[in-house]
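Here's the structure, in structure tokens; my notes come after.
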Amino acid sequence: MLYRGAEQRSALLVPPSLANSTCGAVRLTSVSSGVSFGDVAQATIVLILSLGVVGANLMLIVVINSRRYSKYIHEQPRYLLTSLASNDLAIGLLVTPFALVPSVNHCWPFGEIVCQIQALLRGALTQQSAVILICMAMDRYMCMLHPVRYHRHSSKKGCVAVISMTWVLCLSLFALLVLPRGGYYFNHTGLLACDPFYSRASLRILASCCFYFPTTMILMYCYGSAFHVNKLRLKRAVTGCGQPHAQQGHAVQGHTVQGHTVQGHAVQGH
């Protein structure tokens, strides 16, 4: 029993510590003397990426909700697109800018609380974006395959309620994972940001199976079905438009042939 308990304790993973001596005041004051070209290039890429994410998503939110273009987009797709762009805008404001200093220092200088909050936001925003993509796929699926039922039951309040519920669920889920001590770590090999940490490998596998695989399968099914139905409708429309023209062409040809026949008989009479 003692050996089995020791095995179970050894199976637990421990997050790397954030207490890094290279992020002290000495390193911050003398950072200019030890900065390489690769560090400057990496920091420049992070800055450009942050500005691009913020600018593009802010422009999208303003354009699709303006008076000029909002009348061309249905309310439900517009709200879903606004929520998706808001998630990316929050990542551009609250996640990527904090990678500027770590890209030069190669460590996390902002402390435990900021890392914990960033890991919570990073996990919740990413998962909420995946849920919004599922909602958009199901919205297009219902609109194209069941248009009568879609326009009968769709409403502005229902869409806002679904978006709010996804926010609450995603924040609550990752709060349970990240807020306990040891539920986050600094990922120095990725976006130089803090990510949720799973103490067991089985939790990481379970999270992948629950978060990513269903999203991919639902997106493939909904958009595949919608594209297939749209292709069939387009084919029927082209066939239906071509038949009257073909019948009209045969009728004109018949009249022409009949006219030549009548003209031929008239010539023989003379």
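Per the working numbering, the very first residue in the sequence shown carries number 6; after that it's consecutive. Virtual Cβ for every residue (Gly too), placed ideally from N, Cα, C. This one's a predicted model, so the numbers in the text were calculated from it and none came from an experiment.
Residue i versus residue j: straight-line alpha-carbon distance, rounded
| i | j | result |
| --- | --- | --- |
| residue 146 | residue 231 | 6 Å |
| residue 46 | residue 237 | 50 Å |
| residue 120 | residue 139 | 29 Å |
| residue 55 | residue 90 | 14 Å |
| residue 142 | residue 40 | 46 Å |
| residue 233 | residue 105 | 45 Å |
| residue 58 | residue 235 | 32 Å |
| residue 96 | residue 160 | 29 Å |
| residue 149 | residue 52 | 41 Å |
| residue 99 | residue 241 | 50 Å |
| residue 208 | residue 202 | 10 Å |
| residue 69 | residue 76 | 9 Å |
| residue 173 | residue 103 | 25 Å |
| residue 74 | residue 86 | 13 Å |
| residue 177 | residue 130 | 12 Å |
| residue 175 | residue 216 | 11 Å |
Helix, strand or coil at residue i [DSSP, three-state]
| i | result |
| --- | --- |
| residue 227 | helix |
| residue 218 | helix |
| residue 146 | helix |
| residue 179 | helix |
| residue 120 | helix |
| residue 191 | strand |
| residue 185 | coil |
| residue 107 | helix |
| residue 30 | Any reading at residue 30 needs caution, since the residue's pLDDT is 48, under 50, leaving its predicted position unreliable; the model's value is listed next. Looking at residue 30 - three-state DSSP - the assignment turns out to be helix. |
| residue 199 | strand |
| residue 74 | coil |
From the options, residue whose alpha carbon lies closest to that of residue i
| i | options | result |
| --- | --- | --- |
| residue 218 | 205, 71, 40 and 135 | 135 |
| residue 164 | 207, 75, 48 and 79 | 79 |
| residue 82 | 202, 168 and 200 | 168 |
| residue 200 | 235, 132 and 49 | 132 |
| residue 212 | 150, 128, 69 and 75 | 128 |
| residue 205 | 93, 109 and 182 | 182 |
| residue 171 | 137, 229, 196 and 193 | 137 |
Residue i classed as buried or exposed, judged by whether at least 16 other C-beta atoms fall within 10 angstroms
| i | result |
| --- | --- |
| residue 107 | buried |
| residue 42 | exposed |
| residue 227 | buried |
| residue 152 | exposed |
| residue 84 | buried |
| residue 71 | exposed |
| residue 101 | buried |
| residue 109 | buried |
| residue 88 | buried |
State whether the stretch 179 to 188 contacts the stretch 120 to 133, with contact taken as three or more CB pairs (one from each stretch) at a distance under 8 Å.
yes
Contact between the stretch 155 to 164 and the stretch 110 to 121: three or more CB pairs below 8 Å?
no
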